[in-house]
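*Asks:* Numbered per full-length UniProt numbering, the sequence shown finishes at 199, counting up by one with no gaps.
Beta carbons: idealized from backbone N, C-alpha and C, even for Gly.
From a predicted model like this one, the values you see are computed outputs, not experimental measurements.
Would you mind keeping the following structure in view while I ask a few things?
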Amino acid sequence: MPYFKKIEKKGTPQITYLHVYECDKFSIGIFCLPPSGVIPLHNHPGMTVFSKLLFGSMHIKSYDWVTDAPQNTQENLKDSQMLAVQPPGTRLAKVNTDSVFTAPCNTSILYPAAGGNMHCFTAITSCAVLDVLGPPYSDNEGRHCMYYRDVRCASFSVPLPLSPPANERENYAWLEEREKPENFVVVGALYRGPQVIEE
């Protein structure tokens, strides 16, 4: 299929989106990624997301916001490695997933505040992902898609939850909001599969 052909040019190849169905409660669509195609790091505010890799291999990296109250604050502050300056305009997040997945594999489920709510897909081979979002994105209802840049740090300006040992600090990053990347191009295509029928 033409959606999965990689055209040699600078930057990442365009992604094709097949719109299957949408209502007020949920939306269904299929993302088609050629090799090296990237869906950049983005969030799903107030949404539950089911992502099913239909075929191919892709690298998935996801984060959840760190919301736990710091523990043993005074003890943590003694650790000089945790006194680095927090990058401005960033928020602390913890890595949830950082792995390559190959179909067939389990469905990924993201919740409004857990499961890897911010994620990034990078195609290793041609691949397709079925996405079900509930409820769908809606600017009017405050569900706006935000993009992020991850700034990995081995030291932090604030005590981390439960004072993780130094060998776990690489599992954290500062996420900085950014505009939609210019090289992220999604084009729509006609979905020709089975239709969703409303009753």
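1) Using alpha carbons as the reference points, say which of Tyr172, Thr16, Ser138 and Thr48 lies closest to Ala114.
2) Would you identify the three-state DSSP class for Asn171, choosing helix, strand or coil?
3) Classify Leu190: buried if its beta carbon has 16 or more other beta carbons within 10 angstroms, exposed otherwise.
4) How many angstroms separate the CA atom of Val129 from the CA atom of Val196?
5) Just reading off the beta strand (DSSP E) that Ser126 is part of, what are its end residues?
6) If contact is defined by three or more beta carbon pairs under 8 Å, each pair taking one atom from either stretch, is the segment 24-37 in contact with the segment 100-109?
7) Quick one: what's got a C-beta closer than 8 Å to Phe26's C-beta in the same chain, skipping five residues either side?
8) Look at Ser57 and Thr102 and say whether their C-beta atoms are less than 8 Å apart.
9) Closest to Leu110 by C-alpha separation, out of His42, Glu141 and Ile124, would be which residue?
10) Please classify Thr67 as buried or exposed, where buried requires at least 16 other C-beta atoms within 10 Å of its C-beta.
11) So what does DSSP say about Glu141, is it helix, strand or coil?
12) Can the beta-carbon of Glu176 be found closer than 8 Å to that of Thr90?
13) Among Gly37, Val95, Tyr172 and Thr12, which one has its Cα closest to the Cα of Cys127?
14) Check the C-beta distance from Val186 over to Ile15 and give it rounded, since I have them as a contact under 8 Å.
15) Can you have a look at Gly193 and say buried or exposed, based on whether 16 or more other CB atoms are within 10 angstroms of its CB?
16) Give the DSSP-derived three-state secondary structure of Phe26 in the structure shown.
17) Tell me the residue span of the beta strand (DSSP E) that contains Tyr63.
18) Keeping to the same chain, check which residues put their C-beta closer than 6 Å to that of Lys180; ignore five residues upstream and five downstream.
*Replies:* Quick answer:
1) For the purposes of this step, residue 114 is taken as residue 114 along the sequence shown, with counting starting at 1. Nearest of Tyr172, Thr16, Ser138 and Thr48 to Ala114, Cα basis: Thr48.
2) Here the question's residue 171 lines up with position 171 in the sequence shown. Assigned with DSSP and collapsed to three states, Asn171 falls in helix.
3) Walking along the sequence shown from the start, residue 190 turns up at place 190. Its Cβ having fewer than 16 others within 10 Å, Leu190 is exposed.
4) Residue mapping note: residue 129 aligns to position 129 of the sequence shown, counting from 1. Residue mapping note: residue 196 aligns to position 196 of the sequence shown, counting from 1. Each residue's alpha carbon lies about 18 Å from the other.
5) Here residue 126 refers to the residue found at position 126 of the sequence shown. No beta strand (DSSP E) holds Ser126; DSSP gives it neither H nor E.
6) Between the segment 100-109 and the segment 24-37, the count of C-beta pairs closer than 8 Å stays below three; the two stretches do not touch.
7) In the sequence shown, counting from the first residue as 1, residue 26 sits at position 26. Around Phe26: Val132, Leu133, Gly134, Pro135 and Pro136.
8) Taking the first residue of the sequence shown as 1, we reach residue 57 at position 57. Taking the first residue of the sequence shown as 1, we reach residue 102 at position 102. In contact: Ser57 and Thr102 (Cβ atoms closer than 8 Å).
9) The count along the sequence shown starts at 1 and reaches residue 110 at position 110. Per the Cα distances, His42.
10) In the sequence shown, counting from the first residue as 1, residue 67 sits at position 67. A residue is called buried once 16 or more other Cβ atoms fall within 10 Å of its Cβ, and Thr67, having fewer, is exposed.
11) Along the sequence shown, one-based indexing puts residue 141 at 141. Correct three-state label for Glu141: helix.
12) By 1-based counting over the sequence shown, the position of residue 176 is 176. By 1-based counting over the sequence shown, the position of residue 90 is 90. If you check the CB distance, Glu176 and Thr90 come in under 8 Å.
13) Counted from its first residue, the sequence shown places residue 127 at position 127. Out of Gly37, Val95, Tyr172 and Thr12, Gly37 has the C-alpha closest to the C-alpha of Cys127.
14) One-based indexing of the sequence shown puts residue 186 at position 186. One-based indexing of the sequence shown puts residue 15 at position 15. The Cβ separation is near 5 Å, so the contact holds.
15) As a position in the sequence shown, residue 193 is number 193, starting the count at 1. Classification of Gly193: exposed, given that the 10 Å Cβ count is below 16.
16) Indexing the sequence shown from 1 puts residue 26 at position 26. Looking at Phe26 - three-state DSSP - the assignment turns out to be coil, as it is neither helix nor strand.
17) As a position in the sequence shown, residue 63 is number 63, starting the count at 1. Tyr63 -> beta strand (DSSP E) spans Ser57 to Trp65.
18) Taking the first residue of the sequence shown as position 1, residue 180 is located at position 180. Contacts found: Tyr147.
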